[in-house]
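Chemist: Just dropping this structure here.
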Amino acid sequence: PPLIFPNTPWGMQGVLEYIKTNYGNPPVFVHEN
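Numbering follows the numbering used here, with no gaps: position 7 of the sequence shown is 55.
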């Protein structure tokens, strides 16, 4: 299935900016999988 956010560094930036804007800048922990 297609992804909403592309698998690129700027895609990750978009996800984090979306969370910051829409959820009041909560702490986000990014872990390697």
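We put the beta carbon where it would ideally sit given N, CA and C, even for glycine. It should be emphasised that the depicted structure is a prediction, and the values quoted were computed from it without experimental measurement.
#1: From the DSSP output, in three-state form, read off residue 57 for me.
#2: Kindly indicate which three-state DSSP category residue 70 falls into: helix, strand or coil?
#3: Cα separation between residue 59 and residue 67?
#4: Compute the Euclidean distance between the alpha carbons of residue 65 and residue 75, then round it to the nearest angstrom.
Modeler: The answer reads as follows:
#1: helix
#2: helix
#3: 13 Å
#4: 12 Å
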